[in-house]
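The structure under discussion appears below in the form of structure tokens.
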Amino acid sequence: MVKSCKLKLNKNNEIIIPADILFDFDKSELKSENLPTILDWRKEIKKYMKKEDRKKRYCIIIEGHTDTVGEEDYNYKLSLARSLSLIQEFKKDPFFSNSDIDLIPAAFGESKLAVHTLDNTFNEENRRVVIRIVPKFIGTTQQIMSKKIDNDIDQSYP
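The opening position of the sequence shown corresponds to residue 1 in this note's numbering, with each subsequent residue numbered one higher.
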């Protein structure tokens, strides 16, 4: 079991979690023995999002990443399944299942390696989940530009 630890956002508002903490190799189900740690992390992210009502201005993107072992398409699907598993766990808390919070899955498979390796190279640094807290998208440029623009901040946007 992993020791409980405080999560820290890096300078890019990212939390990087090695996949082997969350998942067994080649699996997308969360490890039950590490569920208490995952719940602690969820609690910390919830606390962060509650400050200054960040949930109205920010969304949470949960990215899945793999190494280069296996077929590219398979790794993409595995990374998506992993990000969705973590989102499902977060949504068990009413705070995250509320419509004000956007939890967005992102699957990168082996396309954004943390450490560049040759194909079929096992590398635990590449097998990871990245939780990114980013400003909410407020629409396409066309949607935004079609609204009346005045000198004041439009209150309809978060």
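Where a beta carbon is used, it is the ideal one built from N, C-alpha and C, also for glycine.
DSSP beta-bridge partners for residue i?
| i | result |
| --- | --- |
| Y58 | P135 |
| R128 | P18, H65 |
| G109 | H65 |
Do you know how far the Cα of residue j is from the Cα of residue i?
| i | j | result |
| --- | --- | --- |
| V134 | S85 | 20 Å |
| E44 | G64 | 20 Å |
| K136 | A107 | 19 Å |
| D73 | Y48 | 35 Å |
| P18 | F96 | 22 Å |
| N34 | L118 | 31 Å |
| R42 | E71 | 32 Å |
| K91 | I131 | 15 Å |
| K77 | D53 | 34 Å |
| R82 | D40 | 18 Å |
What do you get for residue i, buried or exposed, if any count of 16 or more other CB atoms within 10 angstroms of its CB means buried?
| i | result |
| --- | --- |
| N12 | exposed |
| K51 | exposed |
| D150 | Summary for D150: the model assigns pLDDT 46, below 50, so the residue's position carries little reliability, and this model does not support an answer. |
| S32 | exposed |
| N98 | exposed |
| F25 | exposed |
| N75 | buried |
Compute every distance between the C-beta of residue i and the non-hydrogen atoms of the ligand GDP, then say whether any falls below 7 Å.
| i | result |
| --- | --- |
| L78 | The model depicted lacks the ligand GDP and carries no ligand whatsoever. |
Determine contact between the segment 50–64 and the segment 97–112, defined as no fewer than three beta-carbon pairs at a distance below 8 Å. yes
Would you call the segment 110–121 and the segment 30–46 touching, i.e. three or more CB-CB distances under 8 Å? no
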